[in-house]
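The next block holds one structure in the form of structure tokens; read it before the comments.
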Amino acid sequence: MEFSYLWWIPLLPFAGFLINGLVGRKFPRTVVAAIALLFTAVPFGLVLKLASTMSGGGPEQISLVGAPWISVSGFTVNFAFNVDHLTLLMLLIVTGVGFLIHLYATGYMAHEEGYWRFFAYLNLFMFFMLVLVLAANFLLLFVGWEGVGLASYLLIGFYFKKDSAANAGKKAFIVNRIGDFGFLLAMFLIVAQFHTLNFTEVFGQIAAHPEWQGGMMTAIALLLVLGATGKSAQIPLYVWLPDAMEGPTPVSALIHAATMVTAGIYMVARSNVLFAHSPTALSVVAIIGALTAIFAASIGLVQNDIKRVLAYSTVSQLGYMFLACGVAAYTGAIFHLMTHAFFKALLFLAAGSVIHAIGGEQDMRAMGGLRKKIPVTFWTMTVGVIAIAGAPPLAGFFSKDEILYQTFASGHVVLWAIGLITAGMTSFYMFRLWFKTFFGEFQEPAQDAHHDDDHGHAHGVHESPAIMTIPLAILAVLSIIGGWVGIPKAFGGSMEIEHFLSPVFGEPAAVAATASHPSESGLAAVSVLVAAIGFIFAYVFYYKKPGTLGALAEKNRGLYNVLANKFYIDEIYNGLIVIPTLMFTRLFLAGFIDKGVVDGTGVTLGLTARGGGYLARKIQSGNIRSYAGWLALGAAVLLIAMTFGLKAFGATH
Amino acid sequence: MTIDSSILSLIVFFPTVGAILLALLPANPTLQKWGALVVTLLTFLFTLHLPAHYQYGLSGYQFEVNVPWIASPAIRYHLGVDGLSMWLVVLSGFLAPLGVLISWRAIDRREKLFYTLFLLQQTAMIGVFVGLDLFLYYGFWEWSLVPMAILIATFGRTDKRAKAALKYFLYAFIPSAILLVGMLWVYAQTGTFDLPMLQQMAASHSISSNQTALWLASLAFLVAFAVKVPVFPLHGWLSDAIFEAPTAAVMVLAGKLGLYSILRFSFGIFPEQSRQIAPLMIALGAIGIAYGALVALVQKDLKRLAAYSTLGHLSFITLGIFSFTVAGIDGGVYQIINHGISGGALFMLLGALYERYGTYDMRELGGVAQKLPWMVTLFVITALSNIGLPGLNGFVGEFLTLSGSLQTIYVAHPMIWTTIATTGVIFGAGYMLWAIQRIFYGGMGRRPDEVSGWDLDAREQVALWPMAVLFVVMGVASPYWMRAIDSFGAGFTNQPAVVNLRTADPHSATNLPGIPVSGTEGGAR
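Here the protein sequences come in this chain order: A and B. Here the first sequence is numbered in the working numbering, starting from 1 and rising by one per residue. Here the second sequence is numbered in the working numbering, starting from 1001 and rising by one per residue.
Shown next as structure tokens:
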């Protein structure tokens, strides 16, 4: 088979996982790192080879069908891969960004315990993520889907001695399982309807029946959306992602920013044929996306932990992608997915470099004035901040603007306005982070156990080694030029990504094609203006006159507290769902039903229903002979009744 | 007499021969352990003959032996396996040596009694799977009860063991007596105990014309089996028995005997009654899944947690098989095997923890991962198998049973029950991950702080790794097992009682026309 090398794309990282996982603890760190890097680099090479085959008149779609995985009469699922341009793009992002983050991590984790374990899990993640994007059917996609959740669980809980880390890992897995519950139900419905889970067959049948609208299509689509809200951290299931920052920073960059959390967007985009048959589901996606975008951004405004700001920013940016899916602008969603992978990975890695430099501190209130101390980190992070804030010609500007423009052009003016306000907030909280970290007074890192007097102050703040700054530099370049594949025609570009993805999403909709260029550039100007306003606010409040905002917050204590406490959503979920469920279970199910009904009466229940307390006492006497007597009596009665009695009682047959 | 016709007799009675040998040998612990290990390993080896020589294309019974035993009443020595029972026999053979290995240190007194009973129990269990004469089957069924009850009563870990054993015995024995009545009635009607003949008669509606009596007899069968499974809410014995019983006994305590018997005898002899009661059983299955997982969530004792986890897992199977769909039945049978392996591995690991720290109470544990890296590795893998992570064995079964339950035509709104059942994947992850955290993560708990503990030793690794490998292999290569199982499950699509009412209309899945049934009142008209 010409393309059978595709199997190796996921299997090589799996091999890396097995080697490091089983015998890695006996290896020196360099060997562990070499294995992890090799088993990520080769798949990247294979993806490049695949890309060169598929581009320039190559096949638009490659199918690879392997052995059956589940096979019963009337229903079979195979191990099968399907590569189209969407998959190819995802493969490039996952293996490319994934390799860079692996590289960075070899430096970042150099002094950590459990080095081998970390890289084993990281390779395991790559395996599942690659299965997810390569899968040719829903069930195999689900393998990757839950698998990345597992890797995420293991990596969030990497510092398992810390209760907070163990809790965060568990929370991530369980919240994701709520989404998976929806995904599973969707698959059961699909099986019941189509007797297959293959993308081509399912979507082929749907596409062939334009009259199928709403109804079952909406049910399946909404259940899939529930799954996507879990994995892509959208309302109502986003709560796990901020806590996931307990994991090491490279994990946050790879899993909780660049790749895994985009799985929901990928899945919705993959199912675009289905969603086209359910305007209801699309509206739900758009509204969830817009609300999540602004909601998470508003929480991000007041967070003090540098990683948490980025985490809420990720939730917010994923909201943009959801919004794009909801207005059927799948190209915009995937475009933003790609640019976001570049600049958010960059931001997280740069944040990691900051944290690394000052000895593990994550609170921005303890930072400041770092721009001279760690210049490479500063400059690369600056690129990331500008990219996400949406200033041209960096990557984020083009992709975010495409989403906002498509939202506006499709008539969702309110959602567009929400997106626009969010853009301003994004610019504000990102420059807030930038000013707080790199400008202002330099603060000596707190002297904790790791940084006692032996090391001296000179050793305290230091730029990261090249193995960490090189990935930063590459990602910075990508964050600048990554958007140039999607320069709209209004700006003289050719929107190459739209053309590239058109075999998957179809040619651009008529509305976009006919919309006037002036309106597009006008909207772009508005969003740049809004981003600039965000910057000015951050500049004034965190550079020019630091402290004024503190006074403002003091005056509006209530609002500030609501934001700082993340709208108390965790507390509300706990109080309304978790605790009542546990109480109900403890008192009613385990207490009343199990101890009382099931266990307390047990055997005697049936026999004594009418016999009254006397009989019950007799039977519960624990006397074997009396049990045996009852038994014999009951059996005899039943036997007599069945052989003779019932005929006499006039059963008509 | 060829190997094929005597292999089943060999498999069934070899453990008994071993038990007799052990009983005759001196009560030397080492001798007894090794003896039991050799016998169980050889038995396992014999069971492997079945998949190696099974004719996969054929449905019906294979490796049959069928000779008269007693002339009057007509009882035959009739053994045989088909796609349903073949892998269950192999599973029983596979679990037994592992049970011996895991008891190596845990059973430190009266080894002779323990291993003798253990082997006798194995004969009974395999006998249940291969006996095709009702009377013979019933003999094995009751036989299985006695060694187990004595094992619990003698080797239980607290002083409540006698009570738990009695409870177990009565819960199993009383319905079994009623089952006997049902069987005698069937014999009185038909003049035969032979299962294949009875199945034919059932298909042609010639067992009895008295619908009420048929209905009662089917209940006599089903209740006995359902208690043995156990099906919610008949699980009163389960938690106490698991709480007390030693690991090797717990591994074979619940599940497969009852579920097999439902599939074989309830479905075989009472096909219509079984379908009529399907709505109730589907509901109980769905509720049992959520109930078991939720109650497991609030347990503090790991054995009790595992007991309710067992209830939840078995309920998946109940739900699946009573959907009377190919996916549901195939997945259900597959899940019986899975549960034997995954649940068994979980109990083995819990037993190993208990050997080290002397407690199953999670409040006294914590931080163990720092001390026992292999233990936590295998525990996490086993937990993942139990919560149905895709790619591992449990997922195949769960997916098929749930998928089957949505396609059933026997309830009006399958979506409701499937939805309730699917919540099990959330709560299941909840209790498992919480247990992992409480045992292994965080700061050092009280017991691990006091007791040094030691990581899994070679013997335990030898017992556990085959299971871990099976999780993966059965998770990715299910057709290897499924082709035999499917020859059984596929039979349910073309039985007269099944009418395929599926339409091509994509909007009707949640409103599939159900067959009107009268619930539990019975079919007397």
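Here a beta-carbon is modelled for each residue, glycine too, at the ideal position from N, C-alpha and C.
So, using beta-carbon positions, are residue i and residue j closer together than 7 Å?
i, j, result
"A:Gly396", "A:Thr339", "yes"
"A:Met321", "A:Ser278", "no"
"A:Ala531", "A:Ser427", "yes"
"B:Val1229", "B:Leu1259", "yes"
"A:Ala105", "A:Pro250", "yes"
"B:Thr1408", "B:Pro1414", "yes"
"A:Ala166", "A:Gly157", "yes"
"A:Glu520", "A:Tyr405", "yes"
"A:Lys231", "A:Ala263", "yes"
"A:Leu472", "A:Thr380", "yes"
"A:Gly227", "A:Phe183", "yes"
"B:Gly1320", "B:Thr1190", "no"
"A:Ala293", "A:Thr407", "no"
"B:Ala1162", "B:Trp1143", "no"
"B:Phe1044", "B:Gly1093", "yes"
"A:Leu86", "A:Val504", "yes"
Identify whether residue i lies in helix, strand or coil by the three-state DSSP scheme.
i, result
"B:Pro1068", "strand"
"A:Val65", "strand"
"B:His1078", "strand"
"A:Gln443", "coil"
"A:Asn137", "strand"
"A:Asn304", "coil"
"A:Ala80", "strand"
"B:Asp1457", "coil"
"A:Pro375", "helix"
"A:Leu346", "helix"
"B:Gln1062", "strand"
"B:Val1411", "coil"
"A:Val72", "strand"
"B:Leu1392", "strand"
"A:Asp163", "helix"
Going straight from the alpha carbon of residue i to that of residue j, what length do you get?
i, j, result
"B:Arg1363", "B:Asp1240", "20 Å"
"A:Leu549", "A:Val285", "35 Å"
"B:Ala1106", "B:Ala1249", "12 Å"
"A:Leu552", "A:Gln303", "16 Å"
"A:Leu140", "B:Tyr1441", "31 Å"
"A:Gly483", "A:Val376", "22 Å"
"A:Ala458", "A:Ile358", "Caution applies to A:Ala458, whose pLDDT of 41 falls short of 50 and renders its modelled position unreliable; the value that the coordinates give is listed next. Distance between the alpha carbons of A:Ala458 and A:Ile358: 12 Å."
"A:Asp305", "B:Lys1160", "53 Å"
"B:Arg1459", "B:Ile1102", "8 Å"
"B:Ala1153", "B:Ala1165", "5 Å"
"B:Thr1030", "B:Asn1338", "32 Å"
"B:Val1462", "B:Leu1095", "13 Å"
"B:Gln1121", "B:Asp1108", "20 Å"
"A:Ala80", "A:Glu2", "15 Å"
"A:Val603", "A:Ser252", "For A:Val603, the predicted structure reports a pLDDT of 46, less than 50, and the residue's modelled location is therefore unreliable. The matter cannot be settled from this model."
"A:Gln317", "B:Pro1279", "47 Å"
Applying a beta-carbon distance threshold of less than 7 Å, which residues of chain A neighbour residue i?
i, result
"B:Ile1341", "Ordered by position in chain A, no residue passes the 7 Å Cβ test against B:Ile1341, which lies about 17 Å from the chain."
Against residue i, what residues of chain B qualify as contacts under a CB-to-CB distance less than 7 Å, listed in chain order?
i, result
"A:Glu146", "Leu1389, Pro1390"
"A:Pro68", "Pro1479"
"A:Thr585", "Leu1294, Val1295, Leu1297, Val1298"
"A:Asp163", "Gly1442"
Applying a beta-carbon distance threshold of less than 9 Å, which residues of chain B neighbour residue i?
i, result
"A:Gly157", "Gln1437, Tyr1441"
"A:Arg371", "Going along chain B, no residue has its Cβ under 9 Å from A:Arg371, so there is no contact; the nearest lies around 39 Å."
Is the shortest distance between the beta-carbon of residue i and the beta-carbons of chain D less than 7 Å?
i, result
"A:Ser4", "The structure shown contains no chain D; the protein chains it does contain are A and B."
Listing by chain order, which chain A residues have their CB less than 9 Å from the CB of residue i?
i, result
"B:Val1473", "Within 9 Å Cβ-Cβ: nothing; B:Val1473 doesn't reach chain A, min ~12 Å."
"B:Met1467", "Correct list: empty, because the minimum Cβ distance to chain A is about 16 Å."
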